[in-house]
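Asks: Line by line, the protein sequences give chains A and B. Each residue of the first sequence is one higher than the one before, counting from 1 in this note's numbering. Each residue of the second sequence is one higher than the one before, counting from 229 in this note's numbering. Ideal placement from N, C-alpha and C gives every residue a C-beta, glycine not left out. Because the structure is a prediction, the values reported are computed rather than measured.
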Amino acid sequence: MMPAGPLLAADSLHKAYGPTPALDGADFSIHGGEVVAVMGPSGSGKSTLLHCLAGIVTPDSGTITYAGRELSAMNDTERSALRRSDFGFVFQFGQLVPELTCVENVALPLRLNGAGRRDAERTALAWMERLEVDDLGGKRPGEVSGGQGQRVAVARSLVTNPKVLFADEPTGALDSLNGERVMQLLTDAARSAGAAVVLVTHEARVAAYSDREIVVRDGRSRDMERVV
Amino acid sequence: MACIVTGMSIGHALLGLLESGPRHGYDLKRAFDEKFGHDRPLHYGQVYSTMSRLLKNGLVEVDGVEAGDGPDRKRYAITDAGITDVARWLATPEKPEPYLQSTLYTKVVLALMTGRDASDLLDTQRAEHLRLMRILTDRKRRGDLADQLVCDHALFHLEADLRWLELTAARLDGLTKEVRG
């Protein structure tokens, strides 16, 4: 059963880049432990919505509330701290630091938060084991396959036990089999950790791993649970 | 989910199962249900009527009969003609079904013709497709490799429908002008 209020909610978001509106009154809500797919055609505003929800982009108007706090009332430093402590991120590609080994990559968010190397890498390895890539600890990102690298990236996104995981087309660069494995492991790991997942995707088979979907079109969102 | 072997090919599926060795009718039904039946097991009547037809066509023969009452206790074996028939069936491609006049297409055009909101219809249909895709995805996670293959087949077809829905949604303005003249 879902708790009474959402963990993260947006109300009537507007955002324009020059004369082009990217968001035109978009709403969103997600509860803890829930996986919500954000779907829509290219250029519909779904990535802008994710960036606003994550506090990366500031909307022109509208409100975003996370755990009872309004994001727009926070300054940049507070928002950055919130992103480091409570949010995790997985993107399509290009997110691992090529000079670091895989285990160092996964441990990086913990090290940036001040953890010692040994503790950070021990926690990192435990997450890599859950994502079935613990045997790749000593390799660099350039030495592993795309699917393996993406699982390492998922391990890194979850290593700080985020309350919300933002995943923007996390399987976009993978073939069907690897994409499926990443989605299984990502949603299993997030659900067992109680993290909410905001999953931006244009692929229906990826969205099928979610609990419900929101469709964004022309900058406006539609919660399909309220439609059907 | 529908049985993955259509009525047209039950005979071939049963013949194929016999290639590994003779079986009784009830054993054939059990093997069929396990491999291909999923949510729609065969009726005993279907098995025995199919076997009668195969017997009549010389594709199987009776390998033995068990003593006792009750239903058909014949044991069937595939003949050389049956093996050839299975090989021919496997080598023949299935006719792709283009679904050119699908119900969804009709609904979209009718909605536009009658001044209704076709994007509502498409959104509702997408949600229904995704609901089924979630059920199949969950079933895949719990199932064995054979279950995964069956669910994948259904998932890819549903995904194809969804791609059509998305493209149609993107073309609604142009389609509206054409339909309403």
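Can you list the beta strand (DSSP E) stretches of 3 or more residues lying completely in the region 125-166 of chain A, in chain order?
Replies: none
Asks: Between V293/B and K302/B, which are expected to be in contact by the criterion C-beta below 8 Å, what is the C-beta distance as a whole number of angstroms?
Replies: 5 Å
Asks: Can you give, in chain order, each stretch of the alpha helix (DSSP H) that sits fully within the region 24-75 of chain A and has at least 4 residues?
Replies: 46-53
Asks: Along chain A, in chain order, which residues have C-beta atoms closer than 8 Å to that of D345/B?
Replies: Simply none; closest approach about 12 Å.
Asks: Checking 8 Å against the spacing of the C-beta atoms, do Q150/A and L174/A come in under that value?
Replies: yes
Asks: Taking the alpha-carbon of L8/A as reference, which of S221/A, G55/A and G43/A has the nearest alpha-carbon?
Replies: G55/A
Asks: Helix or strand or just coil, what does DSSP make of F87/A?
Replies: strand
Asks: Determine, using beta-carbon pairs with one atom in the region 317-324 of chain B and one in the region 174-183 of chain A, whether at least three such pairs fall under 8 Å.
Replies: no
Asks: To the nearest angstrom, how far is the alpha carbon of T234/B from that of T334/B?
Replies: In this predicted model, T234/B has a pLDDT of only 49, less than 50, meaning its place in the structure is not dependable; the value taken from the coordinates is given anyway. Each residue's Cα considered, the two are about 26 Å apart.
Asks: Just to make sure I have the definition right: I need the residues of chain B whose C-beta is within less than 8 Å of the C-beta of A207/A. Which are they?
Replies: L358 and M361
Asks: Using a Cβ-Cβ cut-off of less than 8 Å, give me the residues of the region 170-189 of chain A that come near chain B, in sequence order.
Replies: Within the region 170-189 of chain A, the qualifying residues are Q184.
Asks: Measure from the C-beta of D351/B to each C-beta in chain A and report whether the shortest distance is under 8 Å.
Replies: yes
Asks: Which same chain residues end up closer than 7 Å to R83/A when comparing Cβ atoms and leaving out the 5 residues on each side of it in sequence?
Replies: A54 and G55
Asks: R369/B touches chain A at which residues, Cβ-Cβ below 8 Å?
Replies: Q184
Asks: Let me confirm a value: R254/A is counted as buried when at least 16 other C-beta atoms fall within 10 Å, else exposed. Which label applies?
Replies: Beyond the ends of chain A as shown, which are 1 and 228, falls residue 254/A; an answer cannot be given.
Asks: Quick check: the Cα distance between L125/A and L243/B, rounded to an integer number of angstroms?
Replies: 52 Å
Asks: Would you mind working out which of V159/A, T160/A, S176/A and L186/A sits nearest D168/A, comparing C-alpha positions?
Replies: Nearest option by C-alpha distance: L186/A.
Asks: If we call anything under 8 Å between Cβ atoms a contact, is R408/B one with A208/A?
Replies: no
Asks: Which runs of the beta strand (DSSP E) at least 3 residues long sit entirely within the region 193-217 of chain A? Give them in chain order.
Replies: Within the region 193-217 of chain A, the runs of beta strand (DSSP E) at least 3 residues long that lie entirely inside it are, in chain order, 196-200 and 212-217.
Asks: Does the Cβ of F384/B have 16 or more other Cβ atoms within 10 Å, making it buried, or fewer, making it exposed?
Replies: exposed
Asks: Under 6 Å Cβ to Cβ from K323/B, same chain only, skipping five residues before and after it: list those, please.
Replies: Excluding sequence neighbours, K323/B sits near nothing in its chain.
Asks: Would you mind reading off the limits of the alpha helix (DSSP H) that contains K368/B?
Replies: A346 to R370
Asks: Would a check of beta-carbon distances place L365/B closer than 8 Å to chain A?
Replies: Looking at the sequence shown, residue 365/B is not Leu but Thr. Output row for T365/B: interface = yes.
Asks: Ordered along the chain, which non-local residues of its own chain (more than five positions away) have a Cβ less than 7 Å from that of R410/B?
Replies: Lying outside 229 to 409, the shown extent of chain B, residue 410/B is not represented and no answer is given.
Asks: If you measure from the beta carbon of A382/B to each beta carbon in chain A, is any gap under 8 Å?
Replies: Residue contact check for A382/B against chain A: no CB pair falls below 8 Å.
Asks: Assign G219/A to buried or exposed, taking buried as 16 or more other Cβ atoms, counted over all protein chains shown, within 10 Å of its Cβ.
Replies: buried
Asks: For G239/B, is the classification buried or exposed, using 16 other Cβ atoms within 10 angstroms of its Cβ as the cut-off for buried?
Replies: buried
Asks: Within this structure, are the beta carbons of L349/B and V336/B separated by less than 8 Å?
Replies: yes
Asks: In the structure shown, what three-state DSSP assignment does K15/A receive?
Replies: strand
Asks: Could you tell me the boundaries of the beta strand (DSSP E) in which E289/B lies?
Replies: The continuous beta strand (DSSP E) containing E289/B extends over residues V288 to V293.
Asks: Would you kindly work out how many angstroms separate the C-alpha atoms of G116/A and E104/A, rounded to a whole number?
Replies: For G116/A and E104/A, the distance between alpha carbons rounds to 12 Å.
Asks: Contact between the region 89-97 of chain A and the region 27-42 of chain A is defined here as three or more beta-carbon pairs at a separation below 8 Å; is this criterion met?
Replies: no
Asks: Out of curiosity, what's the CA-to-CA distance linking M229/B and Q376/B?
Replies: Reliability fails at M229/B, whose pLDDT of 41 lies under 50, so the model's placement of it is uncertain and the value that follows must be treated cautiously. Distance between the alpha carbons of M229/B and Q376/B: 13 Å.
Asks: Check distances from the C-beta atoms of the region 264-286 of chain B to those of chain A and list, in chain order, the residues that come in under 9 Å.
Replies: none
Asks: Secondary structure at P21/A, three-state DSSP: helix, strand or coil?
Replies: strand
Asks: Is there a Cβ of chain B sitting closer than 8 Å to that of A54/A, yes or no?
Replies: No, A54/A lies away from the interface with chain B (no Cβ there is under 8 Å from its Cβ).
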